[in-house]
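Data first, discussion second: the structure below is written as structure tokens.
Number of protein chains: 2
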Amino acid sequence: MYNFTPPVTRLIEELRKIPGIGRKSAQRIAFYLLRSGKQDAVNLANAIIDAANNTFFCSQCYNITAVEPCEICIADREKTKICVVEEPFNIYSIEKTNLYKGMYHVLHGHLSPIRGIGPDELKIPGLIKRMEKGEVEEVIIAVSPTTEGNATAHYLSDILRKFKVKISRFALGLPIGADLDYVDSVTIARALEGRTEL
Amino acid sequence: MYNFTPPVTRLIEELRKIPGIGRKSAQRIAFYLLRSGKQDAVNLANAIIDAANNTFFCSQCYNITAVEPCEICIADREKTKICVVEEPFNIYSIEKTNLYKGMYHVLHGHLSPIRGIGPDELKIPGLIKRMEKGEVEEVIIAVSPTTEGNATAHYLSDILRKFKVKISRFALGLPIGADLDYVDSVTIARALEGRTEL
Numbered sequence: 001m002y003n004f005t006p007p008v009t010r011l012i013e014e015l016r017k018i019p020g021i022g023r024k025s026a027q028r029i030a031f032y033l034l035r036s037g038k039q040d041a042v043n044l045a046n047a048i049i050d051a052a053n054n055t056f057f058c059s060q061c062y063n064i065t066a067v068e069p070c071e072i073c074i075a076d077r078e079k080t081k082i083c084v085v086e087e088p089f090n091i092y093s094i095e096k097t098n099l100y101k102g103m104y105h106v107l108h109g110h111l112s113p114i115r116g117i118g119p120d121e122l123k124i125p126g127l128i129k130r131m132e133k134g135e136v137e138e139v140i141i142a143v144s145p146t147t148e149g150n151a152t153a154h155y156l157s158d159i160l161r162k163f164k165v166k167i168s169r170f171a172l173g174l175p176i177g178a179d180l181d182y183v184d185s186v187t188i189a190r191a192l193e194g195r196t197e198l
Numbered sequence: 199m200y201n202f203t204p205p206v207t208r209l210i211e212e213l214r215k216i217p218g219i220g221r222k223s224a225q226r227i228a229f230y231l232l233r234s235g236k237q238d239a240v241n242l243a244n245a246i247i248d249a250a251n252n253t254f255f256c257s258q259c260y261n262i263t264a265v266e267p268c269e270i271c272i273a274d275r276e277k278t279k280i281c282v283v284e285e286p287f288n289i290y291s292i293e294k295t296n297l298y299k300g301m302y303h304v305l306h307g308h309l310s311p312i313r314g315i316g317p318d319e320l321k322i323p324g325l326i327k328r329m330e331k332g333e334v335e336e337v338i339i340a341v342s343p344t345t346e347g348n349a350t351a352h353y354l355s356d357i358l359r360k361f362k363v364k365i366s367r368f369a370l371g372l373p374i375g376a377d378l379d380y381v382d383s384v385t386i387a388r389a390l391e392g393r394t395e396l
């Protein structure tokens, strides 16, 4: 059976390890990178090495950063609020709204007993340590409204209760621009329960 | 406006250059690679560098190869047939059928006046040179049945006619497992025209 030349096969195998990239996508990416010129390939490899060597987790919020502490932890922001997110790129989505001026804490995942991810696999001990300093007044839990996200939110609100701070979670409801016909009934139920007075 | 730390931003920009990878996918891939450990990132970068440094186009068929001539050109195959494909990974798809034992020729694209890709941007001169040796008896044009693929096929059949060889093209018709209800009418028309007697 014909196979690609070994360096290409190895490249395809490495690309396939990335979640969301299947065999066909990996092939297309590999051959795109190996077109004549190859400058894109070299640039990409250098960017990967540079990012791998020069970034690390912020010791306070566990965001990915090239400086310690990270740009957000060191900025002049409201130290009394912590927004808990699952992944570093969630910070970017929230910052885009320009509405939140507090701190962040990145869990790096969510609780998932089925995949063996418990509280100790997440950055929850680091969050507890921040809470113990007593500066925080509100924790906003911004995990995804999925089964695993809900479990994570409940676990967090349980263990944070002893700090006597306000604990909130992102509102559930209709996304902007949604067509009611196409919104699932659980979302509609939540939108109804959380209706706001006009 | 908050942005990712510079090495991460650069990595995301490099990933976005890959066709089919948008902003969100690039972010997810970048953060996947920069999780704790980073071994996947280093392996991927090394695989890219290795493939970029150790592969080149076969001087005969323009397949991507690590040896000259490539594994297929050097193998004991029917030298009288050349199958013309657009991309190196098309060879893999055809080899999987185990039905074709001839040679290949990779064009590295298709004619596309709108993007400024004419015959000289493709590996057509190399194909002409192979034809001039007089060994070839059949050219099978295996480009995609798209507008640009069709233009490429017509151009090729025109310039190859003077070599007085058999020129064929992959059959058009229903894909296996297709539901007639969901097949477009051009495909149905081609399937009807090319119907085979039972």
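Listed in order, the protein sequences are those of chains A and B.
FYI, in my numbering the residues of the first sequence are 1 to 198.
FYI, in my numbering the residues of the second sequence are 199 to 396.
Backbone N, C-alpha and C fix where the C-beta goes; we use that ideal spot for every residue, glycine too.
No experiment lies behind these values; they were computed from the predicted model shown.
C-alpha gap between residue i and residue j, whole angstroms
i, j, result
"G347/B", "V341/B", "5 Å"
"A51/A", "I246/B", "15 Å"
"G102/A", "H303/B", "60 Å"
"T65/A", "F202/B", "8 Å"
"V206/B", "A26/A", "21 Å"
"P19/A", "R221/B", "15 Å"
"M131/A", "V42/A", "44 Å"
"I226/A", "I128/A", "No answer is possible for residue 226/A: the residues shown for chain A start at 1 and end at 198."
"T394/B", "T295/B", "21 Å"
"L433/B", "F368/B", "Past the edges of chain B, shown from 199 to 396, lies residue 433/B, and the structure says nothing about it."
"E13/A", "F89/A", "26 Å"
"G371/B", "L309/B", "23 Å"
"N261/B", "C268/B", "7 Å"
"G116/A", "T147/A", "15 Å"
"V384/B", "S257/B", "38 Å"
"E87/A", "P119/A", "15 Å"
"R233/B", "T253/B", "30 Å"
"K236/B", "L192/A", "44 Å"
"A30/A", "L15/A", "8 Å"
"T152/A", "P373/B", "46 Å"
"P6/A", "D274/B", "20 Å"
"C61/A", "G126/A", "8 Å"
"R359/B", "T278/B", "16 Å"
"P145/A", "E78/A", "26 Å"
8 Å Cβ cutoff, residue i in contact with chain B
i, result
"Q27/A", "yes"
"K166/A", "no"
"D50/A", "yes"
"L44/A", "yes"
"D76/A", "no"
"I23/A", "Reading off the sequence, residue 23/A comes out as Arg, not Ile. No, no contact with chain B."
"E121/A", "no"
"K81/A", "no"
"G20/A", "yes"
"S41/A", "The question names Ser, yet the displayed sequence has Ala at residue 41/A. Closer than 8 Å to some Cβ of chain B, the Cβ of A41/A qualifies, so yes."
"Y32/A", "yes"
"R10/A", "yes"
"A142/A", "no"
"P69/A", "no"
"E197/A", "no"
"E137/A", "no"
"E193/A", "no"
Reduced DSSP category for residue i - H, G, I as helix; E, B as strand; rest coil
i, result
"T5/A", "coil"
"S223/B", "helix"
"K96/A", "coil"
"F31/A", "helix"
"F56/A", "strand"
"T187/A", "helix"
"I12/A", "helix"
"R359/B", "helix"
"I262/B", "strand"
"I216/B", "coil"
"I48/A", "helix"
Neighbour flag for residue i against chain A, beta carbons, 8 Å
i, result
"F202/B", "yes"
"Y298/B", "no"
"R313/B", "no"
"Y302/B", "no"
"I322/B", "no"
"G347/B", "no"
"A264/B", "yes"
"D382/B", "no"
"E284/B", "no"
"T295/B", "no"
"T253/B", "yes"
"P373/B", "no"
"K331/B", "no"
"A351/B", "no"
Assumed close pair residue i, residue j - CB separation to whole angstroms, cut-off 8 Å
i, j, result
"I338/B", "C281/B", "4 Å"
Query raised in the report: Which runs of the beta strand (DSSP E) fall wholly inside the region 267-355 of chain B and span at least 3 residues, in chain order?
Result: 276-283, 300-304, 336-339
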